[in-house]
Structures are given as structure tokens and as C-alpha cells.
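Structure, as C-alpha cells:
Here it is, written out as C-alpha cells:
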């Protein structure tokens, strides 16, 4: 490997590959690629490069691999752990996939779709829907996140309960390796036992093993009917009982079960224009429940009604609003989807994205909140998320009137408290957001030596010069 | 690495680890571990070793890794590609997991089960059922195959349509690495994005990357009702139309859709005692359809009836027998499950385990059978299997009265014909059985150079001395 090239040499080499209009260096141009939306990370790149094809990506990686230029792959820049933002060194090149935006194929018969990495998630949902099918990945950022990033982070979201994580929706990948070789693994088969399942390594690898340029995705029959209800419950124990009831009666027709505390509703009502409380009085906890039917609207509604009736009779539900229309269902989901954003308006928020075995959620919430409030009196825990997957976004807003920076300075301390309890309950410190830069140090604490060693061996085997997203995850 | 030790040295080292009664060398003792049931492979081992714990497995691998003794991990010895049988060198040690047979834990609340590698699949099904839950992996060999082998081969079976392959049922693994290090990755979480998903590498790796000693598995709510029907159709096109109809109306409640030709029924009736034709007259093709309901027997039956009614009206079904009882449903499934075994009684059978995109199945069957019969006049194609997954066991029985050996001598030639068509349809030459020794040469033909290269890099990173199942898969 030669000496690291100067910024000028990098820009000129990249320009030769993608054309100079697609190599950005001026701060006002590169800024959107270098800040992430929660303002936790801000970096300075050598350049932002915008290739338009897998071949151009290959050319960039070949150059980087030969010269040792670090590459930071980026999708929609909506990641939550700083994996997609350059560091402060001025050496890293951000490789955005935003121009690889073709949906190459929709196969209605085979229920598959091949999309390039830069396609926005919402566009994939739309394309599936136009073919009379359904792509179930759904999350708050779906209007701006890109499928390549979703795959590189194994995104979760609200559809996991019935359809699995992003990992479960990917049938094949096209990946550019560190040395610029293109692996065409765009298979579309449900079953293929020919060798190691390589695509699994790239899914969730946060750009550290290769650059995903396209994917073939599984589509599903579109639900013919949906029923959504917004339900008030006394506490997480009851929410869990209610979840079990719905699982039992609806089975795989239960497509959503989200838990939210009153504080989250308060924040949304206070900061998100046009929202209103679905229920007449305030309650301590809420569940957002969705049932889908492959057959009819009526079946979904009936299933919701009979289950709700039984839940009311068993006094599990304090009050409830079944959505009377599609618009109202969308309103309910909107409350859930904006619960992350609105926290910004209440000052500092210390965040956790954890999972525990589903049955342990009430214990986790009780213990975590007691411990956090003991350490930071006045702190306001706002735990919400995917109860059915055991995945809680355990966020903590600062005490009212406290100093933002002072509160945020206790980030690691609060993390240690919460993650300690997660560990005792055999949970995960990153259920769906990944590791990136935010949790890199934590990884060494929660993984065994052998597991870290195996990960490093794979990293070395795939990216011997260490040019792919260095310092992220590993 | 020292010189390869003598057989005596191997036996004495292994005896020191597991006790000498668990190191087998006499041919009458080792034979059951060295022949596979279709008589395609027969090997001569240095010894068969029977460890009773992960620690003993670790001790064996440590010794093997230091001395270069090749290890052949074995579960229930039901594999179909020769991966689990020693070669003829007399150097290989068969490591059977049969004594690791504890079900360590059944968590009813969390719907997970932790089983050691040697637990027979049927016992896991039973343990799940006793806990009021359901483990969906189901295949002909379930009375003797062991879960470690199922995972190492990513077994498919008849439940894939609704529940996925074995890969989709595994939440975590315990694996002994080539150097004897034990990786405890027995997680039980639905969501965990902390680093590369290492378990995926071991699933389907056929014992070449590590020895699986235990697994945590996903359980599901037990279906409360099942409806099974045995249906006659004119041709595979109609079977596909029928499959689509059932998919549409039943959605994820469609838990089985198998295709069988008349010849298969003839074979079963001829060679399997106590079976009878479910229908009164013979028909060219059959579909075995299963619908499950999470709610009731009645719901499953009603869904079956209404869908069947519509299918009869559309003239997709020539005749049909809905199972009138659980016993009759079991009879129908028995016909399907014995279809593999009975082929032995009709002389030589050249086998393929292929998948193509579901919509291409009719084209594949038409082209493959025409080409095979042209090459081997009188040959009797018997394609059957999992239509809903695109996975067909395309077996070809010898012409009536032909010489068995002469017919089997054309194995490669017939493979080339069938796999050629599979390739043109973007299919897989091994949908669920794996590669092993049987398809090792074929692998190089169907994989790109970069994919083989990536596989080799992983193999070298995990098993640098090449002691784990050498000559299998790679």
C-alpha cells in the first residue's frame, strides 16, 4: 500500500470514476451527508462521492483498497448509531448510494422485487403495492431511509412481529467487495442450500464487509383488511397479558403490538401539530394493536372486536378506541411513529435500544426506571416500542428545567445502569439500531472473546486493508 | 503440526477424553456410522468417538487440531449428500453427537427451547407439544435425524411454506470451534443487532466451520385445528394455479402444499404395506394440501371447504378427498413421507434436489422430463416435493427391467441435463439437502469465482488446519 493520498489526489481519482460533479467537497454541499439527525455525530469528509452504478462503486473501492482511503458507505443517513457519518479526521470518503435508485424488477408471480441500494423504503412499499403485493418493512424514517442502509443495519421496525426483521425479507444481494470485485448473489429462491449463506454476513454488518448495491426482496400477499385499536392499560404486566391474548386469538394475523407510556403521548400532543388524544382521559400505559386479514376487512374487524370484548371482560383494558376509519388508523400509527422525534423538544434524551425475552419486559421496565430515577432524580424515562418482539426503546428525557449538556454528560453512566439490567435478563444492548460508533466500546463488554475474535477474523478475510467503515462496530 | 498420529495413538488420545467404551473401532460397531441409508457412501473410519458433553467435544477438537486428524461430525446419519460419512482413507474420525441428548430447557412463556445437538427431531416436536407449543420442522427422517444435523444442513421439509427453513427456527447456537474453543451463542432474542450474525454461518455449513453442540429454537403457538386434503389435478400448471388460490385465501394458514405424480402413488401403493389410494380412480398429478388454524378445527375445515368448492367450480381439481379424521390426515401425509424410501424398491434412482422460482415449476418439469427421457429412453421421472417453496425432488427411476448399475452409471450425465435446465431458470442445484461429497464438484460449476473465494476465506479463518469435515462442500 502506498502512502495515503492527499485530498486533492483523492478528489481527482474519484472524479475520474464518477465525473467531477459527483464528487462533493464544499462544506455546504457535504454537510447533509455529515450530520445525523439527532446531532450526535458530525464529521469532516475528504469528499462525498456519488456513484451511479455498481461498476462505479467497484471503481471507487478498487482505488480505496489500493491507496488505503477509508470509505464510509451511506444510504439515507437515518442511522442511529453514527455508522454512516464520517469522523473528524478529514480523511474519510462518504460513498452515498443515493444515485443507485432503480427498481430493477418486480416479479408479481414470484412475489419478489429487485431494488438498488439507494431506493427509498417508501418507494419499495409503493412498488409492491402497485403490483398488488406487500413489502412489510415499516419504520418512522421510511420516507427517507434507503433499502441498502436498511439491509446493512438489519432494520427492525413495526412489522417484525409478523414478518421478521429485514434479514428475513432479503432473498439475495449484490455486493461490491473491498477490492472492487462485484458479487452477484441476487437470488430469488425460497430454498437454496449450496454453501455458506454469505448474504447473512452482509446483512447487519453496517458497511464493514462490503458495499451492498442491490437486493432481491420477498414480497407478501397484501392484507385485504386491517383493524387498529388504541388501548389503555394499567401497567406493562397487563400489556403483556393483553399481548398474549391477542397472539393466541390472532396468531400470525397480529401484525403490530406497540407499547407506549403516558409521557410519550403527552410529548406528542404537546409538540406534534394536529395530533389529539385518542381517548378521553389520560391513562398510565397504552398499546397500539394491529390485526391484518388476508381475506377481508370484516374478518380483521371481527377478530379485533371479539378479542377486545374478552379483554374488557377480563378487565385488562381500561379504555380503548378501535379505529373507525383508515384515516383514524393512520392517526394512531402517526402518534407511535413520531414518538421518537418529539423527544428532542423536551431537552436532552439518553437513549437505549434494547431487547429482553418478551416475558421479562415488565421486570426490566420496573427495575430500569427505579435505578435510573435513583441515579438521576427527576429524570423522565420514556420507554416505548415493540413489546411483541421484546424490543424497547428505553429513552430517558432530562428532568424538567435541568441543563441539557449536564444531563447528557451522564449518558455513559445511565447506559451502564440500563445495560447492566439488560445483561442480567439475557437481553441485547442493541436490538435493532446496531453498533456503529455509539456502542462500539460497549460491544467489547457484552461479547465473549471468542465471538469478537470470530468477527475480527471475518473482517480481516473480507477487508484485509481495513478500508470499509473502519472504527464502526469493530 | 506433528506427523499424523497412528490409529492407535488416535484411539488412545480419544479414550483419554471420553473413556474407552466410547471410542469404537470394530467394524461391526462402526458400521452404522459409516453407511448412509441410500448406500451411496461407505467409509472406513480411524474411529467413531462418542462424546457426552460440549467439553468432551472441545477436547476432541483440540487434539484433532493439534495433530491434523480429520473430524467428521455426525448427527442421526440421515444426510443425503454424504457429508456425515467418513471417506475410505481410514484416517477420519467420526464424531457422533448422539450422546448430547438433553433438552436443557423449555421456556413456555418465551416460546423457546434449548436442545443439545443429539436430540432426535421428533423428541423436540414432542417436548414443544407437551408445553402447549409447536416446533414446525417436519421431515421424513424425523424419527431418527438429530437437531444438530438438521441445523448443520439447514434442513427444509414440509413446514417451510409457513414457518421457513431450519435457519428461520434457530435463535442461537453453542458451537465448538476447530481449536476447541466453545462459543456460547445460545441467545433467545427475536431481535439482536450486535455485530455479525455468526450463527448464520454455522447453519447449513455441514460441519465444516465448527461443531454445533446445542441450539436455542423458536417455538410457535400450536395450531388448534388442521384440515388436510388429497387432490387430483391434470398437470403441474393447474397445481400452480391451485397453489395460488390457496395462498390467496388461506395466507399464512396454508401450512403445506406438496406435489406428487401418479408414478409416486403407484410406488407407494406397491411397496408400502397398509397404504391405499385416497381416490377411486388414478389421476396424473396430486396435491397434498394442509391448512392450519390458530383458532379452531372448524375454522380450518371451513377455509378448506370454501376454497375447495371454488377450485372445483373453476375445474382446477379433478377429484379430491378431504381428510375426515386425524387418522386419515396422517395417512395422506404418510403417502407423501414414504415417497422417497419406496423408490429403492424400483431399482436405481438418479436424484436431484432442486429449486426454481415457484412460477417456473411447470416449465421446469416439462423440459426436464422431455430431456431425460430423450437421453435415457424408458427412464421414469418421479418429481415430487414442496411446490409452494419451488423445491422439487426431481428423481428418475430406472427403466423397468434395465440393469441397475448400468443406469446409475449415467448419474452425472442425467445430473448435467437436469441441472442445466435448473441453471437456465435461475434455480438451485441443492434446495435443501446440501452439497456434501455428492455435489462438491457441481458447486464449482454453479458458483462464481468470487463466491467460492469468499467461502474459502471463511473456511480458512475458522478452521485454518482444515480438520473439520475436509472434502465436504468445499
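Residue numbers (this note's numbering), protein chains in the order written: chain A, 1 to 474; chain B, 1 to 474.
Think of the CB as a built atom: it goes at the ideal place given N, C-alpha and C, for glycine as much as any other residue.
With a threshold of 8 Å between beta-carbons, can residue i be considered close to chain B, or not?
i                      : result
residue 248 of chain A : yes
residue 395 of chain A : no
residue 55 of chain A  : no
residue 463 of chain A : no
residue 390 of chain A : yes
residue 213 of chain A : no
residue 296 of chain A : no
residue 352 of chain A : no
residue 415 of chain A : no
residue 201 of chain A : yes
residue 241 of chain A : no
residue 238 of chain A : no
residue 470 of chain A : no
residue 188 of chain A : yes
Under the rule that 16 or more other beta-carbon atoms within 10 Å means buried, what is residue i, buried or exposed?
i                      : result
residue 191 of chain A : buried
residue 8 of chain B   : exposed
residue 187 of chain B : buried
residue 413 of chain A : exposed
residue 1 of chain A   : Unreliable positioning characterises residue 1 of chain A in this predicted model, as indicated by a pLDDT of 46, which lies under 50. A coordinate reading is not provided.
residue 146 of chain A : buried
residue 3 of chain A   : exposed
residue 400 of chain A : exposed
What residue from the options has the CA that sits closest to residue i's CA?
i                      : options                    : result
residue 228 of chain B : B/152, B/287, B/426        : B/287
residue 38 of chain A  : A/324, A/344, A/13, A/169  : A/344
residue 40 of chain B  : B/116, B/458, B/437, B/146 : B/437
residue 34 of chain B  : B/145, B/92, B/51          : B/92
residue 365 of chain A : A/421, A/314, A/389, A/443 : A/421
residue 327 of chain B : B/109, B/278, B/254        : B/278
residue 78 of chain A  : A/172, A/54, A/178, A/96   : A/96
residue 212 of chain B : B/56, B/42, B/355          : B/56
residue 125 of chain A : A/63, A/217, A/153         : A/217
Locate the alpha helix (DSSP H) running through residue i, then write down its first and last residues.
i                      : result
residue 425 of chain B : From DSSP, residue 425 of chain B is part of no alpha helix (DSSP H); its letter is neither H nor E.
residue 185 of chain A : Here residue 185 of chain A belongs to no alpha helix (DSSP H); instead the beta strand (DSSP E) covers 182 to 185.
residue 216 of chain A : Note, residue 216 of chain A: premise wrong, no alpha helix (DSSP H); beta strand (DSSP E) at 211 to 218.
residue 433 of chain A : Here residue 433 of chain A belongs to no alpha helix (DSSP H), and DSSP marks it neither H nor E.
residue 243 of chain B : 236 to 250
residue 472 of chain B : Element bounds for residue 472 of chain B: n/a, residue is neither H nor E.
residue 262 of chain B : 262 to 271
residue 338 of chain B : 326 to 338
Against chain A, does residue i count as a neighbour if the rule is that its beta carbon must be under 8 Å from one of theirs?
i                      : result
residue 154 of chain B : yes
residue 221 of chain B : yes
residue 1 of chain B   : Residue confidence is low: residue 1 of chain B scores 45 on pLDDT, short of 50, so the model does not pin down where it sits. No coordinate-derived value is stated.
residue 83 of chain B  : no
residue 418 of chain B : no
residue 307 of chain B : no
residue 434 of chain B : yes
residue 454 of chain B : yes
residue 362 of chain B : no
On the DSSP letters alone, give me the boundaries of the beta strand (DSSP E) that residue i sits inside.
i                      : result
residue 63 of chain A  : From DSSP, residue 63 of chain A is part of no beta strand (DSSP E) but of the alpha helix (DSSP H) over 54 to 67.
residue 394 of chain A : 391 to 397
residue 353 of chain A : 353 to 355
residue 287 of chain B : 285 to 293
residue 315 of chain B : Premise fails: residue 315 of chain B is in no beta strand (DSSP E) and is neither H nor E.
residue 453 of chain B : Element bounds for residue 453 of chain B: not the beta strand (DSSP E) but the alpha helix (DSSP H), 449 to 462.
residue 107 of chain B : 103 to 107
residue 385 of chain B : 380 to 386
Assuming the contact rule is C-beta atoms closer than 8 Å, residue i and residue j should be a hit. Round their C-beta distance to whole Å, please.
i                      : j                      : result
residue 52 of chain A  : residue 434 of chain A : Actually they do not touch by this definition, with Cβ atoms about 27 Å apart.
residue 263 of chain B : residue 452 of chain B : Contact doesn't hold; Cβ gap of about 37 Å is too wide.
residue 73 of chain B  : residue 207 of chain B : 4 Å
residue 337 of chain A : residue 161 of chain A : 16 Å between Cβ atoms; not a contact.
residue 143 of chain B : residue 119 of chain B : Residue 143 of chain B to residue 119 of chain B, Cβ: 13 Å. No contact.
residue 255 of chain A : residue 292 of chain A : 4 Å
With hydrogens ignored, establish whether the beta-carbon of residue i is closer than 7 Å to any heavy atom of the ligand NAP.
i                      : result
residue 303 of chain A : Absence of the ligand NAP is noted for the structure shown, with no ligands found whatsoever.
List the residues of chain D that residue i touches, going by C-beta distances under 8 Å, in chain order.
i                     : result
residue 78 of chain B : No chain D appears in this structure, whose protein chains are A and B.
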